[in-house]
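Enquirer:
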Amino acid sequence: MAASVSIAFLPRVKRAADAARAVLRATLDLALPPLCPACREPVEGRGLCPACWSKLSFITRPYCERLGIPFVYDPGPGILSMEAIADPPAYNRARAAVRFDEISRALVHAFKYGDRLDLAPMLGRWTGHAGRELLAEADALVPVPLHWRRSWARRFNQSALLATAISAESGVPVTAGALKRVKATAQQVGLSRSERAANVQGAFRVPEVGKSAVAGRRLVLVDDVLTSGATVEGCARALLRAGAQNVDVLIFARVADPVRTSI
Ligand SMILES: [Zn+2]
Numbered sequence: 095m096a097a098s099v100s101i102a103f104l105p106r107v108k109r110a111a112d113a114a115r116a117v118l119r120a121t122l123d124l125a126l127p128p129l130c131p132a133c134r135e136p137v138e139g140r141g142l143c144p145a146c147w148s149k150l151s152f153i154t155r156p157y158c159e160r161l162g163i164p165f166v167y168d169p170g171p172g173i174l175s176m177e178a179i180a181d182p183p184a185y186n187r188a189r190a191a192v193r194f195d196e197i198s199r200a201l202v203h204a205f206k207y208g209d210r211l212d213l214a215p216m217l218g219r220w221t222g223h224a225g226r227e228l229l230a231e232a233d234a235l236v237p238v239p240l241h242w243r244r245s246w247a248r249r250f251n252q253s254a255l256l257a258t259a260i261s262a263e264s265g266v267p268v269t270a271g272a273l274k275r276v277k278a279t280a281q282q283v284g285l286s287r288s289e290r291a292a293n294v295q296g297a298f299r300v301p302e303v304g305k306s307a308v309a310g311r312r313l314v315l316v317d318d319v320l321t322s323g324a325t326v327e328g329c330a331r332a333l334l335r336a337g338a339q340n341v342d343v344l345i346f347a348r349v350a351d352p353v354r355t356s357i
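Residue numbering for the sequence shown follows my numbering, starting at 95 and increasing by one per position.
#1: Taking the straight line between their C-alpha atoms, what separation do you get for residue 112 and residue 251?
#2: Looking at the structure shown, is residue 205 part of a helix, part of a strand, or coil, going by DSSP?
#3: Counting Cβ pairs, one atom from each stretch, are 3 or more of them under 8 Å apart for the region 310–328 and the region 219–239?
#4: Indicate whether residue 327 and residue 145 have their beta-carbon atoms separated by less than 7 Å.
#5: From this set, 164, 274 and 212, which residue's C-alpha is nearest residue 194's C-alpha?
#6: Can you check which of these residues, 351, 320, 286 and 196, is closest to residue 132 by C-alpha distance?
#7: Quick one: what's got a C-beta closer than 8 Å to residue 240's C-beta in the same chain, skipping five residues either side?
#8: Tell me whether residue 292, by its Cβ, gets closer than 6 Å to a heavy atom of ligand 1.
#9: Taking C-alpha atoms, which residue in 155, 346 and 154 lies nearest to residue 257?
#10: Quick check on the contact list: which residues have their beta carbon closer than 5 Å to a heavy atom of ligand 1?
#11: For residue 97, which of helix, strand or coil comes out of DSSP?
#12: Do the region 196–205 and the region 230–238 make contact, defined as three or more Cβ pairs closer than 8 Å?
#13: CB residue 294 to CB residue 272, shorter than 7 Å?
#14: So the beta strand (DSSP E) residue 234 belongs to, where does it begin and stop?
#15: With distances taken from CA atoms, which of 170, 147, 148 and 142 is nearest residue 155?
#16: So which of 187, 322, 129 and 138 has the shortest CA-CA distance to residue 160?
#17: How about residue 259 and residue 214: do their beta carbons lie closer than 7 Å?
#18: Roughly how far, in whole angstroms, is the beta-carbon of residue 349 from the beta-carbon of residue 321, given that I think they are within contact range, below 8 Å?
#19: To the nearest angstrom, how far is the alpha carbon of residue 190 from that of residue 137?
#20: Looking only at its own chain, which residues have a Cβ that is under 7 Å from the Cβ of residue 261, when we skip the five neighbours before and after it?
#21: Report yes if the C-beta distance between residue 298 and residue 332 is below 7 Å; otherwise report no.
#22: Can you check whether the CB of residue 158 is closer than 7 Å to the CB of residue 180?
#23: Measuring alpha carbon to alpha carbon, tell me which of 296, 211, 175 and 335 ends up nearest residue 278.
#24: Going along the chain, which residues of its own chain have a beta-carbon closer than 6 Å to the beta-carbon of residue 152, five neighbours each way excluded?
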């Protein structure tokens, strides 16, 4: 009995703590100049300082139309990379705003762990711009879910926040609860490509209540970072098994070693 009372009580405590934190943040914002989220130098406004901005590496064409990874040289329109042909992903197309490097890593870190949730609109704008062709054909956005234990510890899911920001720009709705992480996977950092694939094997599932939001729909998976692609691959497989018509992938920052052309 005592346990059920305390569980019912916790969301209210959390909301009160969140509200108190928001008030404190608003007060600090008045007192302190905003800092560049990457180098922590004072900046005007909310974004990156000019030096960090100039170092940010946006991903633009020419890239593999399937994987969204830049080519070293332009092979002409519509060409796929060797990687996409030899080992095609479960998803249809992937797009990312920037390369995962020193600057974007600092941005993601500030957003994810450093309480810089105010970066969401900026990251959402850049990511939405990179995925505008995908968004034009999409029925809904699906954030990559965290296991409940990790979202409990972190208090929020950064992919869901990013998806909400992309939705605000594009008008494509976010589908919450369509995909569940049923296995608490180990951190992917430091694992090889095959270890990462094994790590997420069976980790994602479309629950019974999520099936109507998935079947026959064109979905865009949203995540903050893509390294090996094992996580979005696992998610895409689960969505396609549940009858999704199409699954694309939209990422803020991705590891993007240049790929070779198929010709
Ligand atoms: Zn900076």
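Glycine residues also receive a C-beta, built at the ideal position from the N, C-alpha and C atoms.
No experiment lies behind these values; they were computed from the predicted model shown.
Expert: So, from the data block:
#1: Taking the straight line joining both Cα atoms gives about 15 Å.
#2: Helix.
#3: Yes, the region 310–328 is in contact with the region 219–239.
#4: Their beta carbons are not under 7 Å apart, which means residue 327 does not touch residue 145 by this criterion.
#5: Taking only the C-alpha atoms, the option nearest residue 194 is 164.
#6: Among 351, 320, 286 and 196, the Cα nearest to that of residue 132 belongs to 196.
#7: Taking C-beta separations shorter than 8 Å and ignoring five residues to either side along the sequence, the partners of residue 240 in its chain run 248, 251, 253 and 275, following chain order.
#8: When distances are taken from the beta-carbon of residue 292 to the heavy atoms of ligand 1, even the shortest one reaches 6 Å or more.
#9: Considering only 155, 346 and 154, the residue with the shortest C-alpha distance to residue 257 is 346.
#10: This criterion selects 130, 132, 133, 143 and 146.
#11: Confidence in residue 97 is poor, its pLDDT being 40 and thus under 50, which makes the residue's placement unreliable; the coordinate value appears in the next sentence. In the three-state reduction of the DSSP assignment, residue 97 falls in the helix class, which pools H, G and I.
#12: In this structure the region 196–205 does not touch the region 230–238; the number of beta carbon pairs closer than 8 Å is below three.
#13: No, these two residues do not count as a Cβ contact at 7 Å.
#14: Under the DSSP assignment, residue 234 falls in the beta strand (DSSP E) whose first and last residues are 234–237.
#15: Measuring C-alpha to C-alpha distances from residue 155 to each of 170, 147, 148 and 142 identifies 170 as the nearest.
#16: Taking only the C-alpha atoms, the option nearest residue 160 is 187.
#17: Pairing residue 259 with residue 214 gives a Cβ-Cβ distance under 7 Å.
#18: Taking a contact as a CB-CB distance under 8 Å, the pair residue 349 and residue 321 counts as one, their CB atoms being some 5 Å apart.
#19: For residue 190 and residue 137, the distance between alpha carbons rounds to 26 Å.
#20: Taking residue 261 as the centre and dropping the five residues before and after it, the same chain places the C-beta of 235, 267 and 268 closer than 7 Å to its C-beta, in chain order.
#21: Contact check for residue 298 against residue 332 passes: the beta carbons are separated by less than 7 Å.
#22: With contacts defined as CB atoms closer than 7 Å, residue 180 and residue 158 fail to qualify as a contacting pair.
#23: Looking at the Cα atoms, 296 is the closest of the given residues.
#24: Cβ within range, chain order: 192.
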